[in-house]
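Same order as they appear, the protein sequences are chains A, B, C and D.
Residue numbering for the first sequence is 1 to 155, as defined by our numbering.
Residue numbering for the second sequence is 156 to 310, as defined by our numbering.
Residue numbering for the third sequence is 311 to 465, as defined by our numbering.
Residue numbering for the fourth sequence is 466 to 620, as defined by our numbering.
Built from N, CA and C at the ideal position, the CB exists for glycine as well.
Because the structure is a prediction, the values reported are computed rather than measured.
Read the structure below first, then the notes.
There are 4 protein chains.
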Amino acid sequence: MSGQNPAVRLLEERGVSLDAVAEIVCQIQQGYYPGLTPEECLQSVLKVVEKREVQYAVLTGVALDMLAEQESLPSPLQEIVARDDFLYGVDEILALSITNVYGSIGLTNFGYLDKSKPGLIGQLDSSEGRVNTFLDDLVAGIAAAAAAKIAHQRQ
Amino acid sequence: MSGQNPAVRLLEERGVSLDAVAEIVCQIQQGYYPGLTPEECLQSVLKVVEKREVQYAVLTGVALDMLAEQESLPSPLQEIVARDDFLYGVDEILALSITNVYGSIGLTNFGYLDKSKPGLIGQLDSSEGRVNTFLDDLVAGIAAAAAAKIAHQRQ
Amino acid sequence: MSGQNPAVRLLEERGVSLDAVAEIVCQIQQGYYPGLTPEECLQSVLKVVEKREVQYAVLTGVALDMLAEQESLPSPLQEIVARDDFLYGVDEILALSITNVYGSIGLTNFGYLDKSKPGLIGQLDSSEGRVNTFLDDLVAGIAAAAAAKIAHQRQ
Amino acid sequence: MSGQNPAVRLLEERGVSLDAVAEIVCQIQQGYYPGLTPEECLQSVLKVVEKREVQYAVLTGVALDMLAEQESLPSPLQEIVARDDFLYGVDEILALSITNVYGSIGLTNFGYLDKSKPGLIGQLDSSEGRVNTFLDDLVAGIAAAAAAKIAHQRQ
Numbered sequence: 001m002s003g004q005n006p007a008v009r010l011l012e013e014r015g016v017s018l019d020a021v022a023e024i025v026c027q028i029q030q031g032y033y034p035g036l037t038p039e040e041c042l043q044s045v046l047k048v049v050e051k052r053e054v055q056y057a058v059l060t061g062v063a064l065d066m067l068a069e070q071e072s073l074p075s076p077l078q079e080i081v082a083r084d085d086f087l088y089g090v091d092e093i094l095a096l097s098i099t100n101v102y103g104s105i106g107l108t109n110f111g112y113l114d115k116s117k118p119g120l121i122g123q124l125d126s127s128e129g130r131v132n133t134f135l136d137d138l139v140a141g142i143a144a145a146a147a148a149k150i151a152h153q154r155q
Numbered sequence: 156m157s158g159q160n161p162a163v164r165l166l167e168e169r170g171v172s173l174d175a176v177a178e179i180v181c182q183i184q185q186g187y188y189p190g191l192t193p194e195e196c197l198q199s200v201l202k203v204v205e206k207r208e209v210q211y212a213v214l215t216g217v218a219l220d221m222l223a224e225q226e227s228l229p230s231p232l233q234e235i236v237a238r239d240d241f242l243y244g245v246d247e248i249l250a251l252s253i254t255n256v257y258g259s260i261g262l263t264n265f266g267y268l269d270k271s272k273p274g275l276i277g278q279l280d281s282s283e284g285r286v287n288t289f290l291d292d293l294v295a296g297i298a299a300a301a302a303a304k305i306a307h308q309r310q
Numbered sequence: 311m312s313g314q315n316p317a318v319r320l321l322e323e324r325g326v327s328l329d330a331v332a333e334i335v336c337q338i339q340q341g342y343y344p345g346l347t348p349e350e351c352l353q354s355v356l357k358v359v360e361k362r363e364v365q366y367a368v369l370t371g372v373a374l375d376m377l378a379e380q381e382s383l384p385s386p387l388q389e390i391v392a393r394d395d396f397l398y399g400v401d402e403i404l405a406l407s408i409t410n411v412y413g414s415i416g417l418t419n420f421g422y423l424d425k426s427k428p429g430l431i432g433q434l435d436s437s438e439g440r441v442n443t444f445l446d447d448l449v450a451g452i453a454a455a456a457a458a459k460i461a462h463q464r465q
Numbered sequence: 466m467s468g469q470n471p472a473v474r475l476l477e478e479r480g481v482s483l484d485a486v487a488e489i490v491c492q493i494q495q496g497y498y499p500g501l502t503p504e505e506c507l508q509s510v511l512k513v514v515e516k517r518e519v520q521y522a523v524l525t526g527v528a529l530d531m532l533a534e535q536e537s538l539p540s541p542l543q544e545i546v547a548r549d550d551f552l553y554g555v556d557e558i559l560a561l562s563i564t565n566v567y568g569s570i571g572l573t574n575f576g577y578l579d580k581s582k583p584g585l586i587g588q589l590d591s592s593e594g595r596v597n598t599f600l601d602d603l604v605a606g607i608a609a610a611a612a613a614k615i616a617h618q619r620q
């Protein structure tokens with residue numbers, strides 16, 4: 001499914017399948033659109049990850065996670081990213097640039113996903129021995145954007 | 156408590172006391188900071204509403220609510236604001252400008268509050284016969300910013 | 311050209327034709343893409359104003375300008391919007407929500423247009439007897455977004 | 466002047482003194498506030514770089530520049546950052562998180578500085594043999610925020 005999209009390949013390498021992201025989208029939107037199918041959620045996720053802006057955010061955030069895992073970031077950034085410092089907000093900023101692509105209505109879903117951490121997002125957040133400081137926010141951002149896209153289309 | 160601050164006076168006229176906003180702040184932050192007092196939450200809210208950026212967002216958003224209530228907005232904006240159209244995102248955009256004042260860490264709390272709508276926020280959202288399209292988002296934005304301010308101070 | 315798009319009709323009523331916006335787009339992009347035609351710039355502007363997010367920003371901002379012109383906003387918002395207070399940033403915030411639709415690369419063009427005020431934008435800003443506090447920023451936002459769209463397509 | 470502030474130390478290591486940033490602030494604000502002194506501009510810059518949000522943006526952006534210089538970023542991010550790809554917007558997004566700290570009025574100044582590239586900003590942008598993809602935007606963001614802070618204080 002990833003084809004030539006380097007951001008999708010990178011997400012898959014880090015344990016994030018687009019099907020799992022689509023599942024989160026379905027969960028948050030099924031209450032509003034009862035007939036919503038997994039296929040429709042996946043199509044929406046695929047459209048989101050096609051956007052260059054989204055790919056650049058993913059490539060940058062996951063690179064920072066991987067470099068922190070290898071202890072290759074300069075200090076004190078290394079320590080800040082490795083421990084996912086509560087006050088470090090660059091991960092949320094990158095995710096917001098994803099959410100913005102489908103307008104501000106994705107914002108609320110992003111905040112909700114980022115705090116309630118359903119399914120995959122919670123697993124990423126708590127993975128032992130891995131640095132996923134950016135990845136959980138990026139996944140929340142993509143899911144929120146895909147949910148917003150469905151809302152726009154259904155109207 | 157409102158003194159010369161026109162935004163605080165306007166919030167109070169629309170049924171929002173700063174004490175009620177402080178209560179929301181305490182609710183979302185008490186899990187992280189067990190000794191947090193209502194007075195500390197109120198002080199944080201007071202600091203947020205002192206910011207010019209925050210006051211301008213409140214004055215603008217509440218004016219749009221009031222004008223919609225009086226059916227004084229031009230069409231089709233009148234209908235969009237009056238029914239709180241799901242896809243109208245200007246209310247979230249204004250609230251985000253409040254949250255931004257204390258950095259991106261307020262963003263997650265804003266999204267969470269805006270979706271889960273605890274206490275006062277839920278009551279505003281569902282008020283019959285009133286237009287609170289902007290007000291519930293503005294209150295969520297102020298509470299989220301005050302919560303972020305506490306997080307910054309406690310570190 | 312405006313058809314059923316209420317935002318385009320409102321822009322035209324306020325003296326802004328899409329052709330004039332397209333001219334600004336051509337001016338800022340011609341140095342980068344020598345073969346760029348006025349028709350291509352206009353097509354890009356048309357795509358931008360089709361977006362719901364953009365239409366909602368225009369409908370809201372222009373309504374605030376018109377209400378200020380009629381002295382129908384509550385005080386002190388009336389005075390703040392009427393005199394285009396330097397520190398009132400809600401007009402820029404609305405314009406930013408337009409620019410965001412095509413990613414962050416529109417941001418730089420928006421800031422540049424908003425400060426250098428070429429062509430139509432400068433005329434709007436200085437119109438005697440009219441309130442165009444929001445309109446000049448909205449036009450800069452649409453032109454910046456259309457320029458960003460061209461940059462994305464040409465790559 | 467840098468003291469314990471790791472972001473300021475990093476800026477200085479990359480050739481950016483706070484005095485040079487203050488000079489840019491004075492240039493863009495002197496037309497509006499004739500009596501503005503270099504000392505006042507420097508004080509404003511110092512306040513901006515004290516903010517945690519600003520420090521985190523600087524630490525992250527400059528680390529990405531340095532890693533690209535050492536060819537240590539994973540591909541294709543390495544190539545994108547090294548050539549300062551026109552459509553890569555993460556640098557502007559990080560700078561915007563700096564500018565946001567003093568509200569949206571910094572936004573216009575940021576865009577203007579980022580496009581016109583006066584003084585130090587232009588030199589950074591064109592440095593041969595160095596990667597300053599993030600640095601020039603970060604400096605423009607700090608200068609724009611400091612200019613906005615002066616505007617808020619002078620009102």
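- At a Cβ-Cβ threshold of 8 Å, C/LEU423 and C/ALA461 do not count as neighbours.
- Close partners of D/ASN565 in chain B (Cβ separation under 7 Å): ASN255.
- Within its own chain, the residues whose Cβ lies closer than 6 Å to the Cβ of C/SER354, once the five positions on either side in sequence are excluded, are ALA456, LYS459 and ILE460, listed in chain order.
- Here D/PHE599 is near D/GLY526, since their CB atoms are less than 8 Å apart.
- Straight-line spacing of the CA atoms in B/ILE276 and B/CYS181 works out to 14 Å.
- For the 8 Å CB-CB criterion, D/LEU561 and A/LEU67 do not form a contact.
- Taken through DSSP and simplified to helix, strand or coil, B/LYS272 comes out as coil.
- For the pair D/GLY594 and D/ASP530, the Cα-to-Cα distance works out to about 12 Å.
- Contact check for A/SER17 and D/SER537: beta-carbon distance about 28 Å, past the 8 Å limit, so the pair fails to qualify.
- In this structure C/ILE408 does not touch C/LEU369 by the C-beta definition: roughly 12 Å separates them, more than the 8 Å allowed.
- Judged by their CB atoms, C/LEU352 and C/ALA332 are nearer to each other than the 8 Å cut-off.
- B/LYS206 is a Cβ neighbour of B/VAL256, given a cutoff of 8 Å.
- Cβ-Cβ distances below 7 Å link C/VAL441 to ASP375, ALA378, GLU379, VAL391 and ALA392 in the same chain, with the five nearest sequence neighbours on each side left out; the list follows chain order.
- C/TYR366: member of the alpha helix (DSSP H) spanning 362-379, first to last residue.
- Near chain D, meaning a CB-to-CB distance below 9 Å, the residues of the stretch 388-402 of chain C are ASP395, PHE396, LEU397, TYR398, GLY399, VAL400, ASP401 and GLU402.
- Runs of the beta strand (DSSP E) spanning 3 or more residues and lying entirely within the stretch 84-110 of chain A do not occur at all.
- Taking the Cα positions, A/GLU92 is about 10 Å away from B/GLY261.
- Against chain B, the CB of D/GLU515 has no partner CB under 8 Å away; the residue lies outside that interface.
- Chain A places a beta carbon closer than 8 Å to that of B/LEU251, counting this residue as a contact.
- In this structure, the alpha-carbon of C/GLU389 lies about 30 Å from that of C/ALA330.
- When secondary structure is reduced to three states using DSSP, B/TYR267 falls in the helix class.
- In terms of Cβ geometry, B/ILE183 and B/GLY274 do not form a close pair [threshold 8 Å].
- Beta-carbon to beta-carbon, C/GLU363 and B/GLY186 are separated by about 35 Å, too far to satisfy the 8 Å threshold.
- Between C/ALA373 and B/PRO229, the gap from beta carbon to beta carbon is short of 8 Å.
- Apart from sequence neighbours up to five positions away, the residues of its chain that approach C/GLU350 with a beta-carbon distance below 8 Å are ILE460, ordered along the chain.
- Taking 8 Å as the cut-off between beta carbons, none of the residues of the stretch 482-493 of chain D comes near chain A.
- None of the residues of the stretch 422-450 of chain C has a beta carbon lying less than 8 Å from any beta carbon of chain B.
- Taken through DSSP and simplified to helix, strand or coil, D/GLU544 comes out as helix.
- Counting only Cβ-Cβ distances below 8 Å, B/SER259 has contacts in chain D at GLU518 and SER562, in chain order.
- Counting only unbroken stretches of 3 or more residues, no beta strand (DSSP E) element lies wholly within the stretch 271-306 of chain B.
- A Cβ of chain D is located within less than 8 Å of the beta carbon of A/ALA63.
- In terms of beta-carbon proximity, D/TYR498 stays away from the interface with chain A, with every pair separated by 8 Å or more.
- Within 9 Å of the CB of C/GLN465, the CB atoms of chain D belong to ASP550, PHE551 and LEU552, in sequence order along the chain.
- The closest CA to that of D/PHE551, considering only C/THR418, C/GLN365, C/VAL358 and C/GLN433, is found on C/THR418.
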